[in-house]
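One line per chain: the protein sequences are E and P, in this order.
Mapping of the first sequence onto numbering that gives the first Met the number 0: position 80 corresponds to residue 79, and the numbering continues sequentially without gaps.
Mapping of the second sequence onto numbering that gives the first Met the number 0: position 354 corresponds to residue 353, and the numbering continues sequentially without gaps.
Ideal Cβ placement from N, Cα and C applies to all residues, glycine included.
Everything numeric in this text was worked out from a predicted model, so none of it was measured.
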Amino acid sequence: MRRIVVKVWEFPVRLVHWTNFLAILVLCATGAYIHWPFLSTPTTAFPYVMGWMRLAHFVAGWALLAGLLVRLYWGLVGNRYARIGTFFPYLTRQGRKSFLGVLRYYALLSPRLPPHLGHNALALTVYSGIFAVMAFQVVSGFALLGQADPSGTTYLLTGWIFSFVSNGWVRFAHYAATFVMGAFLIAHVYAMWVSDLAERDGTSGSLFSGYKYGELEEFEDFGPRPR
Amino acid sequence: MAHDPHNPRETALEQYLESRGVDRRSFLKFCTAVTATLALPASFARKVAAAVAADDRPSVIWLHLQECTGDTESFLRASRPTAAEVILDYLSVDYHETIMAAAGHQVEEVRRHTMEQYKGKYIAVVEGGIPTKDGGVYGCIGGHSMVDVVTEVCGNAAATICVGTCSAYGGIQAAAPNPTGAVGVGELLPSIPLVNLPGCPLNAPNLTATIVHFLTFGTLPRTDSLKRPLFAYGKRIHDNCERRAHFDAGQFVERWGDPGHRQGWCLYKMGCKGPATSHNCPQVRWNDGLGWPVGQGHGCVGCSEPGFWDTMGPLYERLPNVPGFGVETTATKVGLGIMAATAAGVAVHGVAKSIQLRAVEKKEGN
Ligand code: HEM
Ligand code: SF4
Numbered sequence: 000m001r002r003i004v005v006k007v008w009e010f011p012v013r014l015v016h017w018t019n020f021l022a023i024l025v026l027c028a029t030g031a032y033i034h035w036p037f038l039s040t041p042t043t044a045f046p047y048v049m050g051w052m053r054l055a056h057f058v059a060g061w062a063l064l065a066g067l068l069v070r071l072y073w074g075l076v077g078n079r080y081a082r083i084g085t086f087f088p089y090l091t092r093q094g095r096k097s098f099l100g101v102l103r104y105y106a107l108l109s110p111r112l113p114p115h116l117g118h119n120a121l122a123l124t125v126y127s128g129i130f131a132v133m134a135f136q137v138v139s140g141f142a143l144l145g146q147a148d149p150s151g152t153t154y155l156l157t158g159w160i161f162s163f164v165s166n167g168w169v170r171f172a173h174y175a176a177t178f179v180m181g182a183f184l185i186a187h188v189y190a191m192w193v194s195d196l197a198e199r200d201g202t203s204g205s206l207f208s209g210y211k212y213g214e215l216e217e218f219e220d221f222g223p224r225p226r
Numbered sequence: 000m001a002h003d004p005h006n007p008r009e010t011a012l013e014q015y016l017e018s019r020g021v022d023r024r025s026f027l028k029f030c031t032a033v034t035a036t037l038a039l040p041a042s043f044a045r046k047v048a049a050a051v052a053a054d055d056r057p058s059v060i061w062l063h064l065q066e067c068t069g070d071t072e073s074f075l076r077a078s079r080p081t082a083a084e085v086i087l088d089y090l091s092v093d094y095h096e097t098i099m100a101a102a103g104h105q106v107e108e109v110r111r112h113t114m115e116q117y118k119g120k121y122i123a124v125v126e127g128g129i130p131t132k133d134g135g136v137y138g139c140i141g142g143h144s145m146v147d148v149v150t151e152v153c154g155n156a157a158a159t160i161c162v163g164t165c166s167a168y169g170g171i172q173a174a175a176p177n178p179t180g181a182v183g184v185g186e187l188l189p190s191i192p193l194v195n196l197p198g199c200p201l202n203a204p205n206l207t208a209t210i211v212h213f214l215t216f217g218t219l220p221r222t223d224s225l226k227r228p229l230f231a232y233g234k235r236i237h238d239n240c241e242r243r244a245h246f247d248a249g250q251f252v253e254r255w256g257d258p259g260h261r262q263g264w265c266l267y268k269m270g271c272k273g274p275a276t277s278h279n280c281p282q283v284r285w286n287d288g289l290g291w292p293v294g295q296g297h298g299c300v301g302c303s304e305p306g307f308w309d310t311m312g313p314l315y316e317r318l319p320n321v322p323g324f325g326v327e328t329t330a331t332k333v334g335l336g337i338m339a340a341t342a343a344g345v346a347v348h349g350v351a352k353s354i355q356l357r358a359v360e361k362k363e364g365n
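Shown next as structure tokens:
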């Protein structure tokens, strides 16, 4: 058996992963405050709590938008593990097989994941969903922001939403999606931990270094061909 | 002195105003206020005054449909004869069920006559929703369904002004399950020239200003996608609210009558819908500028937004409840439930998976 080291995640992918992570943490925390401002200032204390919370929310919101755009671009020009197509593994026969394998792994029917170098097929499917949630948050968030200035550009781009749904339901959805992000965060960290336990392939470190490890033979049918 | 068409003193209106005890000064003050409400430059006040005082004011037909007459009340609030009231009095309001003296077939005849004589020239003001279900049987006037009356009257008007949330979007009777199939005029007749002045009731200065705009420029004011004039509905309440500084400062009323409430802090946590509502209430206010709901210490209920009865509730909660989960089920409860279930799920799975892996590794001998 030959142990190999493969560069899987290129720099932009890793950068965006972590800026998105930070942005989402800030967005969830400040969003929670915006939803229910639990710090009520007495007359003399720090006098602009909501103002700063909202500012932080909007700055992180812009960061998330930028992150999504960069990632989208990299999904078009990056290496084979970064391509947009990989997020839809169930579209190919091999992907579907791999998908079933991952389900068997999580259902405790098989101890190990099917061989993979990028993400596993289930993870990719979930990530495409979570990217959709992020995109939804960006659109709904900017729509809410745009309402403050109906003659502005943001409103021009997003104002049409309010012809279909009221502000109340947009806010509701924006708030509800926050819990989806929270549940995802829990499942995501867990999946990383457990796959490390089962695979020892460097998944958890790979989003820092970019490299994954494994035995060459394992990747025969999934092998790291040059793009 | 030669005849000056721009001098309103010489017109019939001026004489009429004088006979009602409204002097020229009050009249010009009124015109200036309307100019400001329309967000026109002050220099337009003269033009406005001339247009209002001109003798060729259009006829008005004011329809009452499914409604409570609150808009008429708001409009005719009889604290004292203001210039605005008298001017609307003076407009030839040929048909208005609440204030006309005549009744029955006689007055329906008047309406028909006005429509024929001023076809395409008169203004239709509509108050109330239109029941459309079952052939419109849920509302009839003089033997005709409201659907037919509106189609005929608004279809032949120069412009239609929908006053109040009911005629704009169906209003309270359009709330789910909308038993009579109530709709606003815009939904029934999508292609006629129309402005919506929603509000429950409408804010009278906005109607005055819309009519004056029509008199001055011959067109309806510019509107947004919901056909509401931008001068009145172009900004959110939240962005012009006198309590906004308390919002930004993080100073919130927590309970009715608490110290924050007594100090006029922000009503966000009490379910204020100001952040969801576009209206100029904070500037124009009500009852001759005396006060408005939020100023009085009660949160905005979003009465001028489409479907407010369904989408702004619960009135004292920040966000709507989760649909399909019964009342009192907030998104927070459901969301925290989902997160807790996820956490519990992965914990159980983690234990099971470690046991499985340990067993496998033992078998593999490492
Ligand atoms: C993962 C992404 C995000 C999360 C988890 C999140 C979370 C939240 C939450 C929980 C609220 C409070 C909702 C309420 O109760 O009314 C909120 C409000 C808001 N968010 Fe986000 N948000 C995200 C992304 C964004 C983005 C990208 C923007 C765009 C700039 C944005 C703009 C806003 C605005 C304008 C509000 C309303 C603030 C106000 O009314 O003062 N959000 N967000
Ligand atoms: S009282 Fe209502 S409208 Fe005014 S600042 Fe607070 S939330 Fe906004």
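What are the boundary residues of the beta strand (DSSP E) that Ile337 of chain P is part of?
Mapped onto the second sequence, residue 337 of chain P falls at position 338. Where Ile337 of chain P is concerned, there is no enclosing beta strand (DSSP E), although the alpha helix (DSSP H) it sits in stretches over Ala330 to Glu363.
Using a C-beta cutoff of 9 angstroms, does Glu241 of chain P count as contacting chain E?
Translated into positions along the second sequence, residue 241 of chain P becomes position 242. No, no contact with chain E.
For Lys268 of chain P, I'd like the list of residues in its chain whose CB is within less than 8 angstroms of its CB, leaving aside the five on either flank, ordered along the chain.
Along the second sequence, read from residue 1 onward, the residue named residue 268 of chain P stands at position 269. For Lys268 of chain P, same chain residues with a beta-carbon under 8 angstroms away, outside a window of 5 residues either side, are Phe251, Val252, Glu253 and Arg317 in chain order.
Looking only at its own chain, which residues have a Cβ that is under 7 angstroms from the Cβ of Pro305 of chain P, when we skip the five neighbours before and after it?
On the second sequence, residue 305 of chain P is found 306 positions in, with the first residue counted as 1. For Pro305 of chain P, where only same-chain residues beyond five positions count, the Cβ hits under 7 angstroms are Tyr168 and Leu225.
Check whether the Cβ atoms of Leu121 of chain E and Leu102 of chain E sit closer than 9 angstroms, and answer yes or no.
On the first sequence, residue 121 of chain E is found 122 positions in, with the first residue counted as 1. On the first sequence, residue 102 of chain E is found 103 positions in, with the first residue counted as 1. Here Leu121 of chain E is near Leu102 of chain E, since their CB atoms are less than 9 angstroms apart.
Chain E contacts from the stretch 291 to 303 of chain P (Cβ-Cβ distance under 9 angstroms)
Taking 9 angstroms as the upper bound on Cβ-Cβ separation, chain E lies near residues Gly301 of the stretch 291 to 303 of chain P.
With 16 as the cutoff for other CB atoms within 10 Å, does Glu363 of chain P come out buried or exposed?
One-based indexing of the second sequence puts residue 363 of chain P at position 364. Glu363 of chain P counts as exposed, since fewer than 16 other C-beta atoms from the protein chains shown sit within 10 angstroms of its C-beta.
For Gly77 of chain E, which residues of its own chain have a beta-carbon under 8 angstroms away from its beta-carbon, when the five flanking residues on both sides are left out?
Taking the first sequence and counting its residues from 1, one reaches residue 77 of chain E at position 78. Contacts found: Glu9, Pro11 and Val12.
For Asn19 of chain E, does the count of other Cβ atoms within 10 angstroms reach 16, so buried, or fall short, so exposed?
Taking the first residue of the first sequence as 1, we reach residue 19 of chain E at position 20. Classification of Asn19 of chain E: buried, given that the 10 Å Cβ count is 16 or more.
Measure the beta-carbon distance from Gly117 of chain E to Val7 of chain E and round it to whole angstroms, keeping in mind my assumption that it falls under 8 angstroms.
Taking the first residue of the first sequence as position 1, residue 117 of chain E is located at position 118. Taking the first residue of the first sequence as position 1, residue 7 of chain E is located at position 8. Right, their Cβ atoms sit about 6 angstroms apart.
Tell me whether the stretch 152 to 172 of chain P and the stretch 122 to 142 of chain P touch, counting them as touching only if at least three CB pairs, one residue from each stretch, are closer than 8 angstroms.
Inter-segment contact for the stretch 152 to 172 of chain P and the stretch 122 to 142 of chain P is present: three or more beta-carbon pairs are separated by less than 8 angstroms.
Relative to chain P, which residues along the stretch 100 to 124 of chain E have a C-beta separation below 7 angstroms, given in chain order?
For the stretch 100 to 124 of chain E, the residues whose beta carbon sits under 7 angstroms from a beta carbon of chain P are, in order, Leu107 and Pro110.
Quick one: is the Cβ of Glu304 of chain P within less than 8 angstroms of any heavy atom of the ligand SF4?
Here residue 304 of chain P refers to the residue found at position 305 of the second sequence. Using a cutoff of 8 angstroms, the CB of Glu304 of chain P does not count as near the ligand SF4, since none of the ligand's heavy atoms is closer than that.
Quick one: which unbroken beta strand (DSSP E) runs of 3-plus residues sit fully inside the stretch 145 to 178 of chain E? Chain order, please.
The qualifying runs do not exist here; there are none.
Please find out if some non-hydrogen atom of the ligand FMN comes closer than 8 angstroms to the beta-carbon of Glu253 of chain P.
With respect to small molecules bound, the structure shown includes the ligand HEM and the ligand SF4 and not the ligand FMN.
Are Asp93 of chain P and Ser58 of chain P closer than 9 angstroms when you measure CB to CB?
The residue given as residue 93 of chain P occupies position 94 in the second sequence. The residue given as residue 58 of chain P occupies position 59 in the second sequence. Yes, these two residues count as a Cβ contact at 9 angstroms.
Mind checking whether the beta-carbon of His115 of chain E lies closer than 8 angstroms to any heavy atom of the ligand SF4?
Mapped onto the first sequence, residue 115 of chain E falls at position 116. His115 of chain E Cβ: outside cutoff for every heavy atom of the ligand SF4.
List, in order along the chain, the chain E residues whose C-beta lies closer than 9 angstroms to that of Ile337 of chain P?
Start at 1 with the first residue of the second sequence, and residue 337 of chain P comes out as number 338. Within chain E, the residues whose beta carbon sits less than 9 angstroms from that of Ile337 of chain P are Phe178, Val179, Gly181 and Ala182, listed in sequence order.
Taking Ile33 of chain E as the reference, give the member of E:Ala22, E:Met49 and E:Tyr212 with the closest Cα.
One-based indexing of the first sequence puts residue 33 of chain E at position 34. Of the residues E:Ala22, E:Met49 and E:Tyr212, the one whose Cα lies closest to the Cα of Ile33 of chain E is E:Met49.
Check the Cβ-Cβ distances between His2 of chain P and every residue of chain E, and say whether any is below 9 angstroms.
Taking the second sequence and counting its residues from 1, the one referred to as residue 2 of chain P is at position 3. Unreliable positioning characterises His2 of chain P in this predicted model, as indicated by a pLDDT of 47, which lies under 50. The coordinate reading is nonetheless provided below. No, its Cβ sits nowhere closer than 9 angstroms to a Cβ of chain E.
Between which two residues does the beta strand (DSSP E) holding Asn195 of chain P run?
One-based indexing of the second sequence puts residue 195 of chain P at position 196. Note, Asn195 of chain P: beta strand (DSSP E), Leu193 to Leu196.
If you draw a straight line from the alpha carbon of Trp73 of chain E to that of Asp133 of chain P, how long is it in whole angstroms?
As a working note, residue 73 of chain E is residue 74 in the first sequence. As a working note, residue 133 of chain P is residue 134 in the second sequence. The straight-line gap separating the alpha-carbon atoms of Trp73 of chain E and Asp133 of chain P is approximately 57 angstroms.
Go through the stretch 272 to 296 of chain P residue by residue and report every complete run of the alpha helix (DSSP H) that reaches 4 residues or more, in order.
Listed in chain order, they are 280 to 283.
Give the residues of chain P in contact with Tyr174 of chain E, contact being defined as C-beta atoms less than 7 angstroms apart.
The count along the first sequence starts at 1 and reaches residue 174 of chain E at position 175. Residues of chain P passing the Cβ test: Leu318 and Ala330.
Check the Cβ of Arg19 of chain P against every Cβ in chain E and list those closer than 9 angstroms, keeping chain order.
Translated into positions along the second sequence, residue 19 of chain P becomes position 20. Scanning chain E for C-beta atoms nearer than 9 angstroms to the C-beta of Arg19 of chain P yields nothing, as the closest lies near 39 angstroms away.
Anything in the stretch 246 to 259 of chain P with a Cβ closer than 8 angstroms to a Cβ of chain E? List those residues in chain order, please.
Listed in sequence order: Phe246, Asp247, Ala248, Gly249, Gln250, Phe251, Glu253 and Gly259.
Just to confirm the assignment: which complete beta strand (DSSP E) runs, minimum length 3, are found wholly within the stretch 11 to 69 of chain P?
Listed in chain order, they are 58 to 63.
Taking 8 angstroms as the threshold, find out whether the stretch 174 to 187 of chain E comes into contact with the stretch 341 to 349 of chain P through three or more Cβ pairs.
Contact holds: three or more Cβ-Cβ distances are below 8 angstroms.
Contact check, Leu266 of chain P vs Arg242 of chain P under 8 angstroms by CB: the rounded distance?
Taking the first residue of the second sequence as position 1, residue 266 of chain P is located at position 267. Taking the first residue of the second sequence as position 1, residue 242 of chain P is located at position 243. The pair is a contact, with the Cβ atoms about 7 angstroms apart (cut-off 8 angstroms).
Return no unless some Cβ of chain P is closer than 9 angstroms to the Cβ of Ile23 of chain E.
As a first step, residue 23 of chain E is located in the first sequence; it is residue number 24 there, counting from the start. Taking Cβ atoms only, chain P never reaches closer than 9 angstroms to Ile23 of chain E, which makes this a no.
What is the C-beta distance between Pro197 of chain P and Gly163 of chain P, in whole angstroms, given that I count them as a contact (C-beta under 8 angstroms)?
The residue labelled residue 197 of chain P in the question sits at position 198 within the second sequence. The residue labelled residue 163 of chain P in the question sits at position 164 within the second sequence. That pair is a contact at about 7 angstroms.
Between Tyr210 of chain E and the ligand SF4, is the CB less than 8 angstroms from at least one heavy atom?
In the first sequence, the residue the question calls residue 210 of chain E occupies position 211. Distances taken from the Cβ of Tyr210 of chain E to the heavy atoms of the ligand SF4 include none shorter than 8 angstroms.
Using a Cβ-Cβ cut-off of 9 angstroms, state whether Gln146 of chain E counts as contacting chain P.
The count along the first sequence starts at 1 and reaches residue 146 of chain E at position 147. Output row for Gln146 of chain E: interface = yes.
What whole-angstrom Cβ distance do Asp314 of chain P and Val300 of chain P have, given they're in contact under 8 angstroms?
Position 315 of the second sequence holds residue 314 of chain P. Position 301 of the second sequence holds residue 300 of chain P. Contrary to the premise, residue 314 of chain P reads as Leu rather than Asp in this sequence. Confirmed, about 5 angstroms.
Range covered by the beta strand (DSSP E) that runs through Glu126 of chain P
Along the second sequence, read from residue 1 onward, the residue named residue 126 of chain P stands at position 127. Unbroken beta strand (DSSP E) run through Glu126 of chain P: Ile122 to Glu126.
Using 8 angstroms as the cut-off, classify the Cβ of Ile236 of chain P as near or not near the heavy atoms of the ligand SF4, replying yes or no.
Reading the second sequence from its first residue, position 237 is the one you call residue 236 of chain P. Yes, the ligand SF4 has a heavy atom inside 8 angstroms of this Cβ.
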